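For reference, the structure discussed in these notes is given below.
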Amino acid sequence: MADFYRLLGVSRQASEREIKAAYRRLAKLYHPDVNPSPTAAEDFARITEAYKVLSSRRLRALYDRGLLADYEEYVRQRERAAVLQERVKVIIEELLRREREETTIRQMAVMLTVSLFASAFLVALFRPPIFEMLGVMGKAICLGLFGLGMWELVRDVMACLDYYAYPDDITPSLLRLEEERAGKPFSRTAVLAFLVGGYLLALVFGSLVRYALLGINGRLLVSHGLINVLLLPPIAVLIIMRLRALNERFSAQ
Numbered sequence: 594m595a596d597f598y599r600l601l602g603v604s605r606q607a608s609e610r611e612i613k614a615a616y617r618r619l620a621k622l623y624h625p626d627v628n629p630s631p632t633a634a635e636d637f638a639r640i641t642e643a644y645k646v647l648s649s650r651r652l653r654a655l656y657d658r659g660l661l662a663d664y665e666e667y668v669r670q671r672e673r674a675a676v677l678q679e680r681v682k683v684i685i686e687e688l689l690r691r692e693r694e695e696t697t698i699r700q701m702a703v704m705l706t707v708s709l710f711a712s713a714f715l716v717a718l719f720r721p722p723i724f725e726m727l728g729v730m731g732k733a734i735c736l737g738l739f740g741l742g743m744w745e746l747v748r749d750v751m752a753c754l755d756y757y758a759y760p761d762d763i764t765p766s767l768l769r770l771e772e773e774r775a776g777k778p779f780s781r782t783a784v785l786a787f788l789v790g791g792y793l794l795a796l797v798f799g800s801l802v803r804y805a806l807l808g809i810n811g812r813l814l815v816s817h818g819l820i821n822v823l824l825l826p827p828i829a830v831l832i833i834m835r836l837r838a839l840n841e842r843f844s845a846q
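Quick look at the structure:
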């Protein structure tokens, strides 16, 4: 290791004030902005390092005992450990974020599917004449809720598709295998077919149960209450999903 006292031109018994004055004098002499020498930057870096050590009581004491090299290695090891710890922290936070995201999407997908199918079945079964009983203002509100429910339904379905389904474009089998390994085992067409088919089956099953219970008085789906069958399930899904969001918000507080 270089002789820092010799670099600054001071004795080993020099005071902090003398070391500081020597550094200022040499800094003005070797600063690259005022010294055109090609070695000025290197010389300035050396005297700056010397001043950094000798101006610190702890570092100067270590240097005088010949332990500074060991101390600097210790500092470097601590810095490397800190960098490694920060990287591990980032990785863990990313894993936790993905786990929370996956849990949220999974819960949303289950809640959306169950509420959509259940509401379709119940509306087809009971045929509540809600829309017919409403006035003009009530029907307008009902249509507005239906529009909002459809918008949120499409938005949530698209979010689930982005997370669980791969696109339907023509891709090599290797890329599709990677999608499956990434947790996307179904195509978007298959998922949409499942949702639409399940919704229609729930309507048909509810109508058949109603017909079985009430006989001819139950009447088929297309002959009575079609407007309610179309409007009410998205509204029911909207209400259920909003209640779920409120419950999550209160649980997080």
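For the sequence shown, this note's numbering assigns the number 594 to the initial residue and increments by one for each residue that follows.
Heads up, the beta-carbon is just placed ideally off N, CA and C, and yes, glycines get one too.
No experiment lies behind these values; they were computed from the predicted model shown.
Item                                                                                                                                             : Value
Pull up the DSSP beta-bridge partners for Ala607, would you.                                                                                     : Partner(s): none; Ala607 has no beta bridge.
Between which two residues does the alpha helix (DSSP H) holding Arg658 run?                                                                     : Unbroken run through Arg658: none, as it is neither H nor E.
Would you kindly work out how many angstroms separate the C-alpha atoms of Ser604 and Leu647, rounded to a whole number?                         : 11 Å
Ignore the nearest five residues each way along the sequence and tell me which others in Gly791's own chain have a CB closer than 6 Å to its CB. : Phe710
Would you give the residue range spanned by the alpha helix (DSSP H) that Val802 belongs to?                                                     : 781-807
Looking at Ile833 and Ser712, is the spacing between their C-beta atoms short of 9 Å?                                                            : yes
Roughly how many angstroms lie between the CA atoms of Val716 and Tyr804, to the nearest whole one?                                              : 13 Å
In whole angstroms, what is the alpha-carbon distance linking Asp596 and Ile685?                                                                 : 45 Å
Is the separation between the beta-carbon of Leu793 and that of Val750 shorter than 9 Å?                                                         : no
Identify the continuous alpha helix (DSSP H) that holds Val747 and give its terminal residues.                                                   : 729-757
Just the C-alpha distance for Ala829 and Ser708, rounded to the nearest angstrom, thanks.                                                        : 7 Å
Assuming contact is defined by CB atoms lying nearer than 9 Å, are Pro827 and Gly742 in contact in what I supplied?                              : yes
Going by Cα to Cα distance, which pick from Cys753, Glu679, Leu601 is closest to Ala614?                                                         : Leu601
For Leu825 and Glu687, what's the separation of their Cα atoms in angstroms?                                                                     : 40 Å
Could you check what DSSP says for Ala615 in three-state terms: helix, strand or coil?                                                           : helix
Measuring alpha carbon to alpha carbon, tell me which residue in Phe719, Ile640, Ser608 is nearest Arg617.                                       : Ile640
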